[in-house]
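Colleague:
In our numbering, the protein residues as written are 10 to 280.
See below:
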């Protein structure tokens, strides 16, 4: 019995594992999109600007549209979509079949009119943007998983923490050809419903930091950047529970030996 309780104590001491945090930095290959000082991705034309911000847990997709013109604009979330691995999800929350093409795109140098020819034909939400005002929405969250990336592929690095503390972390950099996360955003905006403007932006994960350092330990200005988000992977205690189950069974046997065998008692594993 002494050995049993000693073993349990050792397991409980070493089972208090911390969560693993993945701090992810995004980039864009689009020359017409500017990454501004705070990390937001900015696309600007004569009539409006669009900013993307992903800061926070799991990568919330915050989209801000500012109307620079003297005419009202409308953001059609039902005909706008985020596309990852050829799966398109509208910003109104519907998953759609991405088999069609946008008839046209618009960037900071040129513009054209067009429409989406895929299955997103029933818009749910439209935001009204009066002249010289803006709207900001978080229609979707990325919530990616990075468990499949080999731990040995990361390299040692340091990262700024609270109080100018240098935190030891593991880091891996990517480019467009080998990134584990790449996605597109299509945003439909119009002043007249029959003449929509379609804005396309591309994003990809350019660096990934793996560490046990919590967001509260990180440098505040770093977490405020629009190109950085974090994902938490809780500590995996499956092995602990399995071990406790085995030892628990041994404990029942020990009790049976000391106090006599129980009469046809069945024990169920509730885990």
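Using N, Cα and C, we set each Cβ at its ideal position, and we do this for glycine too.
As the structure is a prediction and not an experimental result, all values here were calculated from the model.
For residue 229, name the three-state secondary structure that DSSP assigns.
Modeller: In the chain shown, residue 229 corresponds to position 220, counting from 1. Here residue 229 sits in helix by DSSP.
Colleague: State the CB to CB distance for the pair residue 208 and residue 93, rounded to an integer number of angstroms; the pair is presumed to be in contact (CB under 8 Å).
Modeller: Within the chain shown, numbered from 1, the residue matching residue 208 stands at position 199. Within the chain shown, numbered from 1, the residue matching residue 93 stands at position 84. Contact doesn't hold; Cβ gap of about 18 Å is too wide.
Colleague: Just reading off the beta strand (DSSP E) that residue 93 is part of, what are its end residues?
Modeller: Within the chain shown, numbered from 1, the residue matching residue 93 stands at position 84. Element bounds for residue 93: 82 to 93.
Colleague: Assign residue 89 to one of two classes, buried (16 or more other C-beta atoms within 10 Å of its C-beta) or exposed (fewer than that).
Modeller: If you number the chain shown from 1, residue 89 lands on position 80. Buried.
Colleague: Applying the criterion that 16 or more other CB atoms from any shown protein chain within 10 Å of the CB defines a buried residue, is residue 280 buried or exposed?
Modeller: Walking along the chain shown from the start, residue 280 turns up at place 271. Residue confidence for residue 280 is low, a pLDDT of 35 falling below 50, so the modelled location carries little weight; the figure read from the coordinates is stated next. When all chains shown are included, residue 280 counts as exposed.
Colleague: With DSSP as the reference, label residue 185 as helix, strand or coil.
Modeller: Stepping through the chain shown from its first residue, residue 185 is reached at position 176. Reduced to three states, the DSSP call for residue 185 is coil.
Colleague: Secondary structure at residue 224, three-state DSSP: helix, strand or coil?
Modeller: Position 215 of the chain shown, counted from the first residue, corresponds to residue 224. Three-state result, residue 224: helix.
Colleague: Going by the CB atoms, is the gap between residue 214 and residue 188 shorter than 8 Å?
Modeller: Numbered from 1 along the chain shown, position 179 holds the residue referred to as residue 188. Numbered from 1 along the chain shown, position 205 holds the residue referred to as residue 214. Against a cut-off of 8 Å, the Cβ pair of residue 214 and residue 188 comes out as a contact.
Colleague: Report the partner residues of residue 166 according to the DSSP bridge assignment.
Modeller: Along the chain shown, one-based indexing puts residue 166 at 157. Beta-bridge pairing links residue 166 to 178.
Colleague: Can you tell me which of 101, 144 and 221 puts its alpha carbon nearest to the alpha carbon of residue 150?
Modeller: Position 141 of the chain shown, counted from the first residue, corresponds to residue 150. Cα-wise, what sits closest to residue 150 is 101.
Colleague: Whole-angstrom Cβ separation of residue 236 and residue 44, contact assumed at under 8 Å?
Modeller: As a position in the chain shown, residue 236 is number 227, starting the count at 1. As a position in the chain shown, residue 44 is number 35, starting the count at 1. The Cβ separation is near 6 Å, so the contact holds.
Colleague: In whole angstroms, give me the CA-to-CA distance for residue 30 and residue 73.
Modeller: Taking the first residue of the chain shown as position 1, residue 30 is located at position 21. Taking the first residue of the chain shown as position 1, residue 73 is located at position 64. Straight-line Cα distance between these residues: approximately 27 Å.
Colleague: In angstroms, rounded to a whole number, what distance separates the CA positions of residue 80 and residue 38?
Modeller: Position 71 of the chain shown holds residue 80. Position 29 of the chain shown holds residue 38. Whole-angstrom Cα-Cα distance: 31 Å.
Colleague: Skipping 5 residues on each side, what residues in its chain have a beta carbon closer than 8 Å to that of residue 156?
Modeller: Sequence index remark: in the chain shown, residue 156 carries index 147 (1-based). Here the set comprises 242.
Colleague: Going by C-alpha distance, which of 229, 219 and 76 is nearest residue 179?
Modeller: On the chain shown, position 170 is the one that residue 179 refers to. The residue with the shortest Cα to Cα distance from residue 179 is 219.
Colleague: Near residue 194, what residues of its chain come up, given a Cβ to Cβ distance below 6 Å and the 5 sequence neighbours on each side ignored?
Modeller: Residue numbering aside, residue 194 sits at position 185 when the chain shown is read from its first letter. Within the same chain, residue 194 has close Cβ partners 91 and 210.
Colleague: Exposed or buried, which one is residue 55 when buried takes at least 16 other CB atoms within 10 Å?
Modeller: Walking along the chain shown from the start, residue 55 turns up at place 46. Under this definition residue 55 is an exposed residue.
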